[in-house]
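Peer 1: Take a look at the following structure, please.
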Amino acid sequence: MKPIEVSAERDYGITFTDSWSRELKSLIGDRHFVIITQAQLRDRVKATFSEDSIIVTADGEEQKSLSTFTTLLEELALRALSRNSLIIGIGGGATTDLAGFLAATYMRGIDWIAIPTSSAGMVDAAIGGKTGINLPTGKNLAGAFHSPAQVIVDLGWLATLPNRELRAGLAESVKCGFISDSKILELFQDGFEKNLAEIIYRSVAVKAGVVSRDFRESFEREVLNYGHTLGHAVERDSNYTLSHGEAVSIGMVFAAEVSHVASGLSRDVVDLHYTILNQLNLPRSYKKDSWNNLMNLMGRDKKRRGQSIRFVSLKSIGKTDRVEVEAARLKEIYEASVGR
Ligand SMILES: NC(=O)c1ccc[n+]([C@@H]2O[C@H](COP(=O)([O-])OP(=O)(O)OC[C@H]3O[C@@H](n4cnc5c(N)ncnc54)[C@H](O)[C@@H]3O)[C@@H](O)[C@H]2O)c1
2 MKPIEVSAER DYGITFTDSW SRELKSLIGD RHFVIITQAQ LRDRVKATFS EDSIIVTADG
62 EEQKSLSTFT TLLEELALRA LSRNSLIIGI GGGATTDLAG FLAATYMRGI DWIAIPTSSA
122 GMVDAAIGGK TGINLPTGKN LAGAFHSPAQ VIVDLGWLAT LPNRELRAGL AESVKCGFIS
182 DSKILELFQD GFEKNLAEII YRSVAVKAGV VSRDFRESFE REVLNYGHTL GHAVERDSNY
242 TLSHGEAVSI GMVFAAEVSH VASGLSRDVV DLHYTILNQL NLPRSYKKDS WNNLMNLMGR
302 DKKRRGQSIR FVSLKSIGKT DRVEVEAARL KEIYEASVGR
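Residue 213 in the working numbering sits at position 212 of the sequence shown; the count goes up by one each step and never skips.
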């Protein structure tokens with residue numbers, strides 16, 4: 002598969018390979034480097050790189066904490082990393098977010114390489130240059146735009162990814178299909194397992210294209226938030242028992258219903274959301290009695306204007322729009338979609 006180029010504050014490539022380690026070794030050359038990874042991936046990293054080049058972090062969101070961040074910054078200094086050294090993040094989105102933020106801040110910014118090992122990391126988190134950690138007050142509240150020097154995608158990692166994580170990450174691919182590339186939707190309908198490589202490749206191309214046209218999220222990049230307005234609120238309301246992808250799945254169905262009412266999206270395309278997300282075994286609706294809290298949570302997001310909330314909507318597959326919809330109307334749409 003041909004590499005995909007991203008143009009951002011620095012241009013970089015996304016390589017697709019069946020040997021991430023060979024690719025990585027040739028990129029490192031003789032530079033001083035450190036690899037940041039997670040415990041369950043350590044053995045695979047150790048098969049190629051020495052133990053003393055590896056730092057193992059906590060799993061999942063736990064590693065995106067201020068305390069881990071400061072401990073690791075200090076660790077980089079103790080290992081005498083210089084401005085020319087490399088940080089390599091190997092893991093899910095949480096690890097690449099942390100590794101990228103360390104690279105953004107250590108010595109005012111050094112190079113880093115992202116090696117995503119989850120579906121969410123491959124199609125979303127490792128691409129686009131956003132790095133960061135969580136604060137006690139909320140997720141991703143400290144961060145920086147700092148593009149990697151290279152992203153290496155090797156689908157071999159996915160063999161050990163828990164099935165629930167694999168499917169949840171693919172919610173972002175479904176989104177890429179609806180906002181930009183209808184072929185992705187055909188591939189899902191044909192069966193995601195056998196088409197996984199092409200689904201991931203095309204999703205990466207969609208995100209890379211959007212980010213290259215609007216790196217700093219001024220307007221166009223907002224289309225990537227399709228399904229995220231309600232999705233973020235559901236994620237928080239569920240106290241993170243639903244993963245990001247699962248919450249986005251619910252949010253996307255809601256955004257499709259909103260699009261039907263406010264942007265003239267055809268019923269067929271709305272129904273296609275239910276069909277594909279159902280095939281992936283992802284949730285399509287949420288608790289009816291959570292609406293008031295979801296409204297409050299969406300209100301805290303930037304998308305609120307007075308009594309209405311702003312959504313990225315769809316006019317048709319591949320044609321996005323922005324709409325502002327009154328709270329009362331949203332409540333009707335939400336209640337009608339519960340349990341569908
Ligand atoms: N920077 C961005 O633009 C961006 C975009 C979307 C999401 N994110 C961030 O990404 C994170 C979510 O990403 P995620 O879903 O990958 O979460 P994650 O990194 O927490 O990984 C999910 C789980 O899968 C495990 N895992 C990952 N790869 C594995 C593999 N190959 N084999 C076995 N287990 C594996 C992890 O250890 C973890 O338990 C969140 O922190 C989110 O904020 C960032």
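Don't be surprised by glycine CBs; every beta carbon is placed ideally from N, CA and C.
Looking at ligand 3, does it come within less than 7 angstroms of N141, judged from the CB to the closest heavy atom?
Peer 2: Absent from the structure shown: ligand 3. Ligands present: ligand 1.
Peer 1: What are the complete beta strand (DSSP E) segments, minimum 3 residues, inside the segment 118-182?
Peer 2: 131-136, 139-146 and 151-154
Peer 1: So, for S20: in the same chain, excluding its five sequence neighbours on each side, which residues have a beta-carbon less than 6 angstroms away from its beta-carbon?
Peer 2: Within the sequence shown, the letter at position 19 stands for residue 20. Cβ neighbours of S20 beyond the five flanking positions: none.
Peer 1: When you compare the segment 155-174 with the segment 194-203, are there three or more beta-carbon pairs, one atom per stretch, that lie closer than 8 angstroms?
Peer 2: yes
Peer 1: Check whether the Cβ of L25 sits closer than 7 angstroms to any heavy atom of ligand 1, and report yes or no.
Peer 2: Within the sequence shown, the letter at position 24 stands for residue 25. For ligand 1, not one heavy atom lies less than 7 angstroms from the Cβ of L25.
Peer 1: DSSP three-state call for F255: helix, strand or coil?
Peer 2: If you number the sequence shown from 1, residue 255 lands on position 254. F255 carries a helical assignment under DSSP once its states are collapsed to helix, strand and coil.
Peer 1: Using the Cα positions of A206 and S317, report the straight-line distance between them to the nearest angstrom.
Peer 2: One-based indexing of the sequence shown puts residue 206 at position 205. One-based indexing of the sequence shown puts residue 317 at position 316. Near 20 angstroms, if we compare the C-alpha coordinates of S317 and A206.
Peer 1: Just to confirm, does T147 get its C-beta within under 7 angstroms of one of the non-hydrogen atoms of ligand 1?
Peer 2: Numbered from its first residue, the sequence shown carries residue 147 at position 146. It should be pointed out that residue 147 corresponds to His in this sequence rather than to Thr. H147: no, Cβ never under 7 angstroms from ligand 1.
Peer 1: Under the rule that 16 or more other beta-carbon atoms within 10 Å means buried, what is A209, buried or exposed?
Peer 2: What you label residue 209 is simply residue 208 of the sequence shown in a count that begins at 1. It counts as buried.
Peer 1: Please state the DSSP three-state secondary structure of T58.
Peer 2: Residue 58 sits at position 57 when you count from the first residue of the sequence shown. DSSP places T58 in strand when its eight states are reduced to three.
Peer 1: Specify the secondary structure class of S291 as computed by DSSP and reduced to three states.
Peer 2: Position 290 of the sequence shown, counting from 1, holds the residue named residue 291. Three-state DSSP puts S291 in a helix.
Peer 1: If you draw a straight line from the alpha carbon of D12 to that of G157, how long is it in whole angstroms?
Peer 2: Numbered from 1 along the sequence shown, position 11 holds the residue referred to as residue 12. Numbered from 1 along the sequence shown, position 156 holds the residue referred to as residue 157. One C-alpha to the other measures close to 26 angstroms.
Peer 1: For P149, tell me which candidate among S264, K131, K140 and F255 has the shortest Cα-Cα distance.
Peer 2: As a working mapping, residue 149 is identified with position 148 in the sequence shown. Looking at the Cα atoms, K131 is the closest of the given residues.
Peer 1: Run through the DSSP bridge pairs and tell me what D322 is partnered with.
Peer 2: Stepping through the sequence shown from its first residue, residue 322 is reached at position 321. Bridge partners of D322 according to DSSP: S314.
Peer 1: Once the 5 residues before and after K303 are set aside, which same chain residues still bring their CB inside 8 angstroms of it?
Peer 2: Along the sequence shown, read from residue 1 onward, the residue named residue 303 stands at position 302. Any reading at K303 needs caution, since the residue's pLDDT is 49, under 50, leaving its predicted position unreliable; the model's value is listed next. None.
Peer 1: Does the count of Cβ pairs from the segment 239-254 and the segment 279-290 closer than 8 angstroms reach three?
Peer 2: yes
Peer 1: Give the straight-line distance between the Cα atoms of E336 and S314, rounded to the nearest whole angstrom.
Peer 2: Taking the sequence shown and counting its residues from 1, one reaches residue 336 at position 335. Taking the sequence shown and counting its residues from 1, one reaches residue 314 at position 313. A direct Cα-Cα distance of roughly 19 angstroms separates E336 from S314.
Peer 1: Which complete beta strand (DSSP E) runs does the segment 27-82 hold, if anything under 3 residues is left out?
Peer 2: 34-39 and 55-58
Peer 1: Is DSSP giving G110 helix, strand or coil here?
Peer 2: Numbered from its first residue, the sequence shown carries residue 110 at position 109. Shown here, G110 sits in coil according to DSSP, grouped into three states, outside any helix or strand.
Peer 1: Taking only three categories from DSSP, how would you classify L87?
Peer 2: The residue you call residue 87 lines up with position 86 of the sequence shown. Strand.
Peer 1: Name the DSSP bridge partner or partners of E6?
Peer 2: To locate residue 6, count along the sequence shown from 1; it is residue 5. DSSP lists G14 as partners of E6.
Peer 1: When you compare the CB positions of L28 and I91, do they come within less than 8 angstroms of one another, or not?
Peer 2: Here residue 28 refers to the residue found at position 27 of the sequence shown. Here residue 91 refers to the residue found at position 90 of the sequence shown. The answer is no: Cβ separation not under 8 angstroms.
Peer 1: Decide if H33 is buried, meaning its Cβ has at least 16 other Cβ atoms within 10 Å, or exposed.
Peer 2: On the sequence shown, residue 33 is found 32 positions in, with the first residue counted as 1. Counting Cβ neighbours within 10 Å, H33 comes out exposed, since fewer than 16 surround it.
Peer 1: Which residue's Cα is closest to the Cα of G101: G129, E194, R217 and L79?
Peer 2: By one-based count along the sequence shown, residue 101 stands at place 100. That would be G129, whose Cα lies nearest to the Cα of G101.
Peer 1: Do you know offhand how far L1's Cα is from D31's?
Peer 2: The question about residue 1 has no answer here: the residues shown for the chain are numbered 2 through 341.
Peer 1: Does the beta-carbon of S22, which I'm using as the reference point, lie nearer than 7 angstroms to any heavy atom of ligand 1?
Peer 2: Translated into the one-based positions of the sequence shown, residue 22 becomes position 21. Answer for S22: no, Cβ out of range of ligand 1.
Peer 1: Who are G92's beta bridge partners in DSSP?
Peer 2: Along the sequence shown, one-based indexing puts residue 92 at 91. Residue pairing from DSSP places G92 in a beta bridge opposite P117.
Peer 1: Flag this pair as touching only if the segment 117-127 and the segment 173-189 have three or more C-beta atom pairs under 8 angstroms; answer yes or no.
Peer 2: A contact exists between the segment 117-127 and the segment 173-189.
Peer 1: At what residues does the alpha helix (DSSP H) containing L281 begin and finish?
Peer 2: Indexing the sequence shown from 1 puts residue 281 at position 280. Here L281 belongs to no alpha helix (DSSP H), and DSSP marks it neither H nor E.
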